[in-house]
Structure formats: structure tokens, C-alpha cells
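Reviewing the structure listed below.
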Amino acid sequence: PDVGGRYSVLTAVGLLPMAVAGIDIMQVMQGAFSARKTYDVRSFENPVWLYAASRNLLYRSGKAIELLSSFEPGFKMFGGWWQQLFGESEGKDGKGIFPASAQFTTDLHSLGQYIQDGERHLFETVIYVDDTGCDIDIPYSDDNGDNLNYLAGKPLSFVREMAFQGTLAAHKDGGAPSIVIRMDKMDVHDLGELFYFFELSCGISG
Numbered sequence: 366p367d368v369g370g371r372y373s374v375l376t377a378v379g380l381l382p383m384a385v386a387g388i389d390i391m392q393v394m395q396g397a398f399s400a401r402k403t404y405d406v407r408s409f410e411n412p413v414w415l416y417a418a419s420r421n422l423l424y425r426s427g428k429a430i431e432l433l434s435s436f437e438p439g440f441k442m443f444g445g446w447w448q449q450l451f452g453e454s455e456g457k458d459g460k461g462i463f464p465a466s467a468q469f470t471t472d473l474h475s476l477g478q479y480i481q482d483g484e485r486h487l488f489e490t491v492i493y494v495d496d497t498g499c500d501i502d503i504p505y506s507d508d509n510g511d512n513l514n515y516l517a518g519k520p521l522s523f524v525r526e527m528a529f530q531g532t533l534a535a536h537k538d539g540g541a542p543s544i545v546i547r548m549d550k551m552d553v554h555d556l557g558e559l560f561y562f563f564e565l566s567c568g569i570s571g
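Per this note's numbering, residue 366 is the first one in the sequence shown, and the count goes up by one each step.
Here's what the structure looks like:
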């Protein structure tokens, strides 16, 4: 009863819908429990501390908007949860970083120009997953109508990685710094860990 709504994802409020959706909630909780042990370190090597400190330093330097982005469509709803977590927690007393989320590469078409060349008041936090659990090789085209046969035989993950690196470089050159949270893979256990990572980061940051 004394857990605020924005922190309720690891209570029955969040776990029941996950269970109904077929998600192994014991693995979610195990991931969060593992994260609790991993991040219970009083050190500036702690990635939770580094994230909280970095975003606050950026805020003090005039970066008032944080854009959470990822290159994985499955993260779209995660971005909505993250916005509520930080928006409700830090948006008080005339203070706080404004949290927004985007899905790349799709939203690069609509937002990329602004991020790279608009008002210099934002920074990015990028969640990047190396192994999404699904990859295909790009086929060879007989007519090469799109002039992309140089990519034939390469996995789609290669294209995603190049888009990720190119986007980071362009945004950095444009004065929009990025914090990158890079994960080897994303499964239910890792999702629980990520929930805990951001919840603890939010508490420290606030």
C-alpha cells in the first residue's frame, strides 16, 4: 500500500498484467533481486551512481530534457513507464529534467533534425541491446534496384549497429550528448534488472 504508482511495476500492480500476458514474473523478480545485489556498491564505479550523477551534471549545464531512445521496437512501452517514473518523481517545485522517449530508427525521421540541430537543451539516454534474439541475413537482389547489394549476406543487426553508431556521432557533433546503456541481450530476467536499475537511479537522482 505504501509503494507509489510510478514504482509499482514490481508489485502486483505490474506483475499481474505481466503474468496474464504470459511473462514469467518469477524471472522478472529474480532479475530485480540480482540487480539489487549488483548495485548495492558504495562506489563511483557503480553504474547506477554514474547514471544519476551524469544526468544531474548535464541538467546543471542547461540540458533540461532527457530523451530515452532505443533501436528495438519492443522498448516502446518501456519508454512510457520510464517517463512516468522520472516525470512524477523529479517534476516538483519548479525543478526536474523533462523525460521524453523515442523509438529509433523510426523517430529519427521526425526528431533527428531537431536533436542534431535544434535548441541545445537536451541529452539522450540510449538503451542498446546487442543480441535481440532475432536476426536475418540481407538477401541478394538480382536487379540491385536500390544499389544495396553491397550489404547482401550481412545480418540486419549489422545495419542496426551502423545506424546506432552514426546516430550517436551525429548527435554528439550537434551538441546533444548521449549516455549509453548497452546490454548483451534482453530477456525477462534482464527486464527485471532494468526496472530496478532505473528505479534506484531515480531515487538517487531525485
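All residues carry an ideal CB built from backbone N, CA and C; glycine is no exception. Computed from a predicted structure; not experimentally measured.
Whole-Å CB distance - residue i paired with residue j, under 8 angstroms assumed
i: Phe469; j: Ser522; result: Their Cβ separation, rounded to whole angstroms, is 14 angstroms, which puts Phe469 and Ser522 out of contact at 8 angstroms.
i: Phe463; j: Ile430; result: 5 angstroms
i: His536; j: Gln478; result: Not confirmed; about 11 angstroms, so no contact.
Beta-carbon proximity of residue i to residue j, cut-off 8 angstroms
i: His486; j: Gly444; result: no
i: Ser570; j: Val491; result: no
i: Phe488; j: Leu565; result: no
i: Gln448; j: Ala467; result: no
i: Asp500; j: Met548; result: no
i: Thr497; j: Glu437; result: yes
i: Phe563; j: Leu450; result: yes
i: Tyr493; j: Phe440; result: no
i: Cys567; j: Ser419; result: no
Residues near residue i in its chain [Cβ-Cβ closer than 8 angstroms; skip 5 each side]
i: Gly540; result: Arg485
i: Val393; result: Leu375, Leu380, Met383, Val553, His554, Leu556, Gly557 and Phe560
i: Ala397; result: Leu375, Gly557, Glu558, Phe560 and Tyr561
i: Gly518; result: Asp502, Ile503 and Tyr505
i: Asn421; result: Ser570
i: Asp508; result: none
Exposure of residue i, with buried meaning 16 or more beta-carbon neighbours within 10 Å
i: Thr532; result: buried
i: His474; result: exposed
i: Tyr416; result: buried
i: Arg525; result: buried
i: Met391; result: exposed
i: Ala400; result: buried
i: Met551; result: buried
Spatial neighbours of residue i in its chain, beta-carbon cut-off 7 angstroms, leaving aside the 5 residues before and after
i: Gln395; result: His554 and Gly557
i: Trp446; result: Val374
i: Val355; result: Since the first residue of the chain shown is 366 and the last is 571, residue 355 is not available in this structure.
i: Arg371; result: Gln449, Leu450, Glu453 and Ser454
Same chain, Cβ closer than 6 angstroms to residue i, neighbours up to 5 away in sequence not counted
i: Trp414; result: none
i: Leu433; result: Gly444, Trp447, Ser466 and Thr490
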